[in-house]
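Asker:
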Amino acid sequence: MPNSQTNFNETFENDLDYPRLGSVSFRRGTLTDNQEANWNEHWPHLGKELSKELIDVPAWFNRQDAPTILEIGSGTGTSTAAMAPLEADTNIIAVELYKPGLAKLLGAVVRGEIDNVRMIRGDGVEVLTHMFAPESLDGVRIFFPDPWPKARHHKRRIIQSGVLNLIASRLKPGGVLHVATDHADYAQWIEELVDVEKQLEYMGWPWQECPQLTDRQVITKFEGKGLEQDHTIREFLWRRK
Ligand SMILES: C[S@@+](CC[C@H](N)C(=O)[O-])C[C@H]1O[C@@H](n2cnc3c(N)ncnc32)[C@H](O)[C@@H]1O
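Heads up: the sequence shown begins at 132 in this note's numbering, then just goes up one per residue.
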C-alpha cells in the first residue's frame, strides 16, 4: 500500500543481512481505543515484533508437528481470518508492517476465537532471515504484494531473485510458495523470475494436487479491489525441491 501519505518512522534498512534491493519501513498508524486495549491484552501472546530470535513455533501455537505457513503482507487480515478456520490444522503466521492492519486481524482472531493465527510486525524479508530456521516452513504466501508501478521503484518489489532464494531456504523440501497479483506489469515481472531460483520448481497454475489450496477459497481485500476494476488475477506456485 505505498502512497504519498506514508510516514516512515522506523527502518531496519541498515540492519538487513540479506542482500536485497530497496528498503521497506514501518508505517505509522493510529489504533482506535478499542484496538489499543485489545492490542495491550492480546498482542503479547498472539504477536511478536521483528527480532533476531528464532521462533519456537510449537511453543507459540502450543502444539507439535502442525504444518506452518507464513503469510507476508497480510494487510488488514480480512482473508487471513476468514481462511484460518478452513485450515485449522495449520499454523498461520501473518507478517505485516502496518500496525492498524495487524490490530484489525488481532481483533478478528480474538472475536472469532481463532486459535491457529499468530502475527509478526516487521518486514517479511527480515522476519524470514532472522526468525525462521532453514527448512522450517511448509508454505509462504504473498498475496497482492505492493506493485510499486513506477520503474524507478521496481527494485522495492518483494518478488526478486534474492528474496526467492531466501524463501526457498526457509521452506522445507516439498514446501509451497504461493504468490498472487492483479497487477499485469508485476505479473510479467514475476513470470521472468519463475525459474531463477534453482531450489524452487515452478508448478504454474493451476496445480491440482497443491497441498495448500484452501488459501484461495476466500478473496482478499486487494483482490476484491482488483476484481472491481476487471483486473486479471494471476497466481504463481512453486514447490521447494
Ligand atoms: C497491497 S497490500 C495487500 C494486502 C493483502 N494481502 C490483500 O490481498 O488484501 C500489501 C501489504 O503488504 C504489506 N507489506 C509490504 N511490504 C512488506 C514487507 N516487506 N513485509 C511485510 N509486509 C509488507 C503492506 O503494508 C500492505 O499491507
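Where a beta carbon is used, it is the ideal one built from N, C-alpha and C, also for glycine.
For leucine 368, which three-state DSSP category applies?
Answerer: In the sequence shown, counting from the first residue as 1, residue 368 sits at position 237. Of the three classes helix, strand and coil, the one that applies to leucine 368 here is strand, per DSSP.
Asker: My output table needs one value for proline 199: the three-state DSSP class, helix, strand or coil.
Answerer: Translated into positions along the sequence shown, residue 199 becomes position 68. Before going on, a small fix: residue 199 reads as threonine here, not proline. Judged by DSSP in its simplified three-state form, threonine 199 adopts strand.
Asker: Using a threshold of 8 Å, state whether the C-beta atoms of alanine 215 and valine 248 are closer than that.
Answerer: To locate residue 215, count along the sequence shown from 1; it is residue 84. To locate residue 248, count along the sequence shown from 1; it is residue 117. Contact flag set, yes.
Asker: Any heavy atom of ligand 1 within a distance shorter than 7 Å of the CB on glutamate 340?
Answerer: Residue 340 sits at position 209 when you count from the first residue of the sequence shown. Not so, every heavy atom of ligand 1 lies at least 7 Å from the Cβ.
Asker: Cβ-heavy atom distance between proline 231 and ligand 1 below 7 Å?
Answerer: Numbered from 1 along the sequence shown, position 100 holds the residue referred to as residue 231. Every heavy atom of ligand 1 is 7 Å or more from the Cβ of proline 231, so no.
Asker: I need the straight-line Cα distance from glycine 335 to tryptophan 369, nearest angstrom please.
Answerer: Taking the first residue of the sequence shown as 1, we reach residue 335 at position 204. Taking the first residue of the sequence shown as 1, we reach residue 369 at position 238. So the alpha carbons of these two residues sit roughly 7 Å apart.
Asker: Taking Cβ positions, are methionine 262 and alanine 225 nearer each other than 8 Å?
Answerer: If you number the sequence shown from 1, residue 262 lands on position 131. If you number the sequence shown from 1, residue 225 lands on position 94. For methionine 262 and alanine 225, no; Cβs fall outside 8 Å.
Asker: Whole angstroms is fine: what's the gap from histidine 362's alpha carbon to aspartate 196's?
Answerer: On the sequence shown, position 231 is the one that residue 362 refers to. On the sequence shown, position 65 is the one that residue 196 refers to. Distance between the alpha carbons of histidine 362 and aspartate 196 is about 39 Å.
Asker: Return helix, strand or coil for glutamate 354, following the three-state DSSP convention.
Answerer: As a working note, residue 354 is residue 223 in the sequence shown. Three-state result, glutamate 354: helix.
Asker: Check whether the region 316-326 touches the region 349-362, taking contact to mean three or more Cβ pairs, one atom from each stretch, closer than 8 Å.
Answerer: no
Asker: Output the distance between the C-alpha atoms of glycine 206 and glutamate 354, rounded to the nearest integer angstrom.
Answerer: The count along the sequence shown starts at 1 and reaches residue 206 at position 75. The count along the sequence shown starts at 1 and reaches residue 354 at position 223. Their backbone Cα atoms lie some 12 Å apart in a straight line.
Asker: Within 8 Å, do at least three Cβ pairs link the region 183-193 to the region 168-175?
Answerer: With a cut-off of 8 Å, the region 183-193 and the region 168-175 do not count as touching, because too few Cβ pairs lie within range.
Asker: In angstroms with no decimal places, state the Cα-to-Cα distance between tyrosine 333 and leucine 185.
Answerer: Walking along the sequence shown from the start, residue 333 turns up at place 202. Walking along the sequence shown from the start, residue 185 turns up at place 54. Going by the C-alpha atoms only, they are around 28 Å apart.
Asker: Is there a C-beta anywhere in chain B that falls below 8 Å from the one on lysine 179?
Answerer: No chain B is present in this structure, which holds just one protein chain.
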